[in-house]
Structure formats: structure tokens, C-alpha cells
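Read the structure below first, then the notes.
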Amino acid sequence: MVSIIKKYNSLFFLLLISSCATNSQKEEVVITDKEITWSKHIAPVVFKNCTPCHRPGESGPFNLLNYADAVKKAKLIKFVTQTGYMPPWPADANYSHFIGEKVLSKTEIELLKLWVDNNCLRGDSLTEPQAPVFYTGSYFGKPDLVIKAQKPYAIKGNGTDAFLIMKFPYEIEKDTLIDFVEFVPGQRKLIHHVNGHLISYDSNRAFNYMSGESIHEDTKAQLMDVYTQMHIPYSDNLQPQFPTLTPNVVYYLPGYIPPAYPKEIGGYKLKKNGAFLLNNIHYGPSNKNLLDSSYINVFYRKSKIERPVTETQLGTFGISKIEPEFIIPPNEIKTFHTQTTLSQSISMLSVNPHMHLIGKTFWAFAVKQNGDTIPIIKINKWDFRWQYYYTFKHPLKLEKGSTIFVYGTFDNTKSNPNNPFSPPQSITQGNGVESMKTTEEMFQFIFTYLPYKEGDENIDLERKTP
Ligand code: HEC
1 MVSIIKKYNS LFFLLLISSC ATNSQKEEVV ITDKEITWSK HIAPVVFKNC
51 TPCHRPGESG PFNLLNYADA VKKAKLIKFV TQTGYMPPWP ADANYSHFIG
101 EKVLSKTEIE LLKLWVDNNC LRGDSLTEPQ APVFYTGSYF GKPDLVIKAQ
151 KPYAIKGNGT DAFLIMKFPY EIEKDTLIDF VEFVPGQRKL IHHVNGHLIS
201 YDSNRAFNYM SGESIHEDTK AQLMDVYTQM HIPYSDNLQP QFPTLTPNVV
251 YYLPGYIPPA YPKEIGGYKL KKNGAFLLNN IHYGPSNKNL LDSSYINVFY
301 RKSKIERPVT ETQLGTFGIS KIEPEFIIPP NEIKTFHTQT TLSQSISMLS
351 VNPHMHLIGK TFWAFAVKQN GDTIPIIKIN KWDFRWQYYY TFKHPLKLEK
401 GSTIFVYGTF DNTKSNPNNP FSPPQSITQG NGVESMKTTE EMFQFIFTYL
451 PYKEGDENID LERKTP
């Protein structure tokens, strides 16, 4: 652990460095900025915080695998770390912590800057650390079932974002329990965000989900019309028309790895007949025509389902009302709020704040009946491109009677560079497929939880490296 306590002139740098692994006592070490080298100080920071995405086949636009790679991008590295743009982690790490957190300390940011300002010294190239070996394809190893798209998606090289609905139908031998699913992107540099449901068919009913449209691009259509074209509803005339839908079973963002809960938590039923319905897949702009063959890995469950994870949504399309009415007038910065009071004690596992382009800040916390406040998540600078599902390091206990409060601020002025309209227009939420258009807005707080059980707060949700 390294932390600056004082920088007393431009040449000297006073650091606290823990003296050795077995001794947590900290020792003061003074280094001059002329002593900051790749091999000693910079490589470990880059390999831990940047290389997971900046490597072949991953989302980062260039590699950061060695000294030469870093030198080539030195100025940009300094810039993106000074501005806090990289590594992408919008949640305020001074407010609450989650697994997979990627945040640089003030010292690390300063080290990077001084290293670049001093011509990127290499240090001892013989003893310098090497980039770690990363997984490819699946993070979790060999899946039990791989579900491929019926046809690849043809990405148009027209330089604009694409938002689609995509169906991944499957048929297996018998109903099966599964632990989790992993979306494996084909064009990793372009796929920015995926969110999908699991559709399950009752074998006593009639269906034709294997046929019909498998990719839908027209975001103006009504959601129900799209589902009909995709042959999602049952094909008989019985009620209900629509098969069972389990929300948000599939989720992906660059650098995201699905949580692997302890054995007693989680799991889903995978029916013999079903489909994964990616109701929102976002491709960034490409200047080339490309084919994407992303796929879904499914991992079967060896034990029975004891504590299934439940998901709730506050705000847009959710169980709680947004106040005031969700309309963001032009040239205004406006704050909305939504809240719900818990009727049972829960262990909160993951949270997913969701807004679109003109989101500015997001804040969720709970207040217990005795008035104590429990921090949940704070995002001081909303970034549409980095909407994580944040998983707590340990389940967060929220007692029955506590109220969850969510505040979201939207900036609909012309000084917001992400404003899709010039001049600004009144913005509200859309309907159907329209609602996923980024030019419409959303104010949503999604969270997963379990009914609370004694000792839940001690469960370690940190993912173990395979
Ligand atoms: C979670 C994945 C991820 C991590 C971690 C990450 N990057 Fe990136 N980086 C990206 C992606 C994706 C882009 C492309 C731009 C975008 O999508 O916003 C990018 C873009 C960049 C750029 C180009 C910015 C530009 O405007 O041209 C630089 C420089 C950069 N990253 C440096 C870093 C450094 C330095 C770190 C570590 C301190 C880091 N990145 C960590 C994914 C990541």
C-alpha cells in the first residue's frame, strides 16, 4: 500500500510504503521523481488497472502489455488518469465499495504523471514485471452449454451506434438447473453493453420460438410487435400469451465478469425450451462493415436452488413512483427522486443505477427506522458508457422498515456535451422499444437481493480468480 502524505517540493515525493508483506507497519520512504521507473512503480499499476481491458481481444482500443506500449501512449495515459476518465469506474470509492473495483489512488495518479513528465524512465529491464496471463473466451472455463445466435449480426460501417434486440433460442434435453450465464462478445471493441432476459416455455403449450426474426433493429416499433415478429409469445390461443420471463439473467459491459455466488446462493431453472432475449445490445460506432458472432455460455448447477436471487426495480418501469413527474424541460438541471420502504429484511447483493445520456449524478442510500443512514452508491459524474452492475464485497443488510432513497440529477442544458439535442428539447421516457433509445431518458435503480439470513453480512462475494 502506498500513499502520499506530503509533496514538499516539485522534486521530492514523500511516500508511505509498507515495508514487507508480513509486516503491516508503514515506513516512510522518500523518492525523487527522477527515481520513478516503469519496472519499479508504473508496471504494477498498469498491469493491475489497465491491462485487463487493454490487451488483445479486449475492449481497450490499444494494448498496454509492456514498456514500449506504455511509452507510445504516455501523454494520453497521463491525461486520462489525471481527468479520472480511466480506469472507468463511475462509483465513488469514498462512499461504498464493490467487487472488481478499479480506482487509482492519488499517489498512483501522481506517480503516472511524474513518470510521464520525466521521460518515462524504464529502470531495470531484467527484473521488470511481465503482464499477467489472462483468460480468453470464458472466464470460468468450459461451459456446459454454448448458445450461438441463429445468424451473425452484420455491423454497418456507418460510424453510428446501433441498438438491437436479439434472440438466442435453444432447446435442451430436459429442464436443468443453471448457476449463471456468461455473454462472450465477438467484436469486443464494439460491443458496449448487453442486457437480456431468460424466456421459458411450458412444455404443455404450443410455441414456435425457433423461427421468426432473430435480430430486430427498428427502435421505433412497439415492443409487443417486435416480440410477435420474433415468435416469442405462445402460438396457441391460450392465456397467458407470453411465456415466463426472468429479467436480467444476461449482462455484459467491457471488463465485467458475472458474479459467482457461494453455493447456497443463486441459480435459475433452465427449461427444456427457451431463449435468451437480449433486449438491449449496444454496438459502438464502426467505420468498417463487420460480422459479430457473440455467444452465450451456460454453466449448469450441481446442487439444488436454496436461495434464489430476486431483482427489484425502482423508478422507470419499476415498483416506485418518480417524483416530481419525470419530464426534464430544456435548459434545466433537474433532480428527481424515488423511494421504497422494505417490508422484510434483505441482503442486497448488486445494484445497477440506470440513466441515459443526460444523466449527471446518481445517489442511493437507505435510512433505518432509527434514523441511521446506510450508504449504497454514489455516482458523482454519470457516464452513459459505463453502467456497471456493482456487486458488494459482502451482502449489505437492510432491515425491515428501512427506506431506500434514490436521487438522480439530469442536465438538459446546452453546456452538457452529451445532450443529444441542440437546441435542448423537453426529454421524458419513451414507450416500448423507444424506451431503450438513448435520446429518451430513464431513471432506474435496479437491485438484486435475498431475504436476509443471520450471518449474510460475512459472506464473501469477491470473485476468486480461476
Ligand atoms: C474496463 C475496461 C478498461 C479499463 C480497466 C481501462 N480502460 Fe482504457 N479504455 C477502455 C475502452 C473501452 C476505451 C475506448 C474508449 C471508451 O470506450 O470510452 C479506452 C480508452 C482509453 C484511452 C484512449 C482515450 C482516448 O480518448 O483516445 C486511454 C489513453 C486509456 N484507455 C488508458 C487507460 C489506462 C491508463 C488505464 C488504467 C489506468 C485504462 N485505460 C483502464 C477500457 C478500459
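Take the sequence shown: its letter number 18 is residue 18 in this note's numbering, and every next letter is one higher.
Ideal Cβ placement from N, Cα and C applies to all residues, glycine included.
Suppose the cutoff is 8 Å on Cβ atoms and the five residues either side in sequence are ignored; what does the same chain contact list for residue i look like?
i: Asp460; result: Pro262, Lys393 and His394
i: Thr22; result: Residue placement at Thr22 is poorly supported in this model, since its pLDDT is 40, which falls under 50; the coordinates still yield a value, given next. Taken in chain order, the list of residues that qualify is empty.
i: Ile346; result: Lys397, Leu398, Tyr449, Leu450, Pro451 and Tyr452
i: Ser235; result: Ala206, Phe207 and Asn208
Name the DSSP bridge partner or partners of residue i?
i: Ser200; result: Thr244 and Gly274
i: Gln339; result: Phe405
i: Asp292; result: Tyr153
i: Ala162; result: Tyr283
i: Gln313; result: Ile446
i: Met348; result: Leu396 and Tyr449
i: Ala366; result: Ile374 and Ile404
i: Asn297; result: Val146 and Glu182
i: Glu323; result: His337
Spatial neighbours of residue i within its chain, please: C-beta separation below 7 Å, excluding the five flanking residues on both sides.
i: Gly60; result: Cys53 and His54
i: Ile305; result: Leu177 and Gly267
i: His354; result: Gln387, Met442, Gln444 and Ile446
i: Ser10; result: Its pLDDT being 40, under 50, Ser10 is placed unreliably in this model, and the coordinates cannot settle the point.
i: Gly274; result: Tyr170, Leu198, Ile199, Ser200 and Tyr201
i: Ser303; result: Lys263
i: Tyr227; result: Pro233
i: Leu65; result: Thr51, Arg55 and Ala131
Run the CB neighbour count on residue i, radius 10 Å, all protein chains shown included, and call it buried at 16 or more, exposed below.
i: Val181; result: buried
i: Glu27; result: Note that Glu27 scores 49 on pLDDT, short of 50, meaning its location in the model is unreliable; the coordinates nonetheless yield the value given after this. Counting Cβ neighbours within 10 Å, Glu27 comes out exposed, since fewer than 16 surround it.
i: Ala70; result: buried
i: Pro285; result: exposed
i: Tyr135; result: exposed
i: Glu110; result: buried
i: Phe317; result: exposed
i: Asp456; result: buried
i: Tyr85; result: exposed
i: Asp225; result: exposed
i: Pro132; result: exposed
i: Ser125; result: exposed
i: Thr310; result: exposed
i: Ile379; result: buried
i: Asp218; result: exposed
i: Asp161; result: exposed
i: Ile328; result: buried
i: Ser422; result: exposed
So, under 8 Å CB-CB, residue i and residue j are touching, yes? Tell me the CB distance rounded to an integer number of Å.
i: Leu112; j: Val45; result: 7 Å
i: Lys360; j: Ile333; result: 7 Å
i: Gly315; j: Phe443; result: 5 Å
i: Tyr283; j: Ile155; result: 6 Å
i: Thr51; j: Arg122; result: Not really, about 17 Å apart at Cβ, beyond 8 Å.
i: Gly212; j: Gln229; result: 6 Å
i: Ala149; j: Phe168; result: 6 Å
i: Pro400; j: Leu342; result: Note on residue identity: the sequence assigns Lys, not Pro, to residue 400. Sure, about 6 Å apart at Cβ, within 8 Å.
i: Ser214; j: Lys151; result: 6 Å
With the cut-off set at 9 Å, would you say residue i and residue j are in Cβ contact?
i: Arg205; j: Pro243; result: yes
i: Ile165; j: His231; result: no
i: Pro254; j: Glu58; result: yes
i: Phe405; j: Val367; result: yes
i: Ile536; j: Tyr388; result: Because the chain is modelled from 1 through 466, residue 536 falls outside the range shown and cannot be assessed.
i: Pro87; j: Asn49; result: yes
i: Phe276; j: Ile296; result: yes
i: Tyr252; j: Pro185; result: yes
i: Ile322; j: His337; result: yes
i: Ser96; j: Tyr67; result: no
i: Asp117; j: Lys73; result: no
i: Asn419; j: Thr413; result: yes
i: Trp89; j: Ile42; result: no
i: Val249; j: Leu145; result: no
i: Asp175; j: Leu245; result: no
i: Ile147; j: Ile281; result: no
i: Gly408; j: Trp363; result: yes
i: Asn287; j: Gly159; result: yes
i: Thr340; j: Thr403; result: yes
i: Ile257; j: Gly157; result: no
i: Pro233; j: Gln222; result: no
i: Thr391; j: Phe98; result: yes
i: Pro143; j: Phe47; result: no
Return the chain-ordered list of same chain residues with a C-beta closer than 6 Å to the C-beta of residue i, the five sequence neighbours on each side being excluded.
i: Leu278; result: Met166, Val194 and Gly196
i: Glu264; result: Glu306 and Arg307
i: Asn331; result: Thr413 and Pro424
For the ligand GTP, is there a heavy atom less than 8 Å away from the beta-carbon of residue i?
i: Gly315; result: Because the ligand GTP does not appear in the structure shown, any question about it cannot be addressed here, the ligands present being the ligand HEC.
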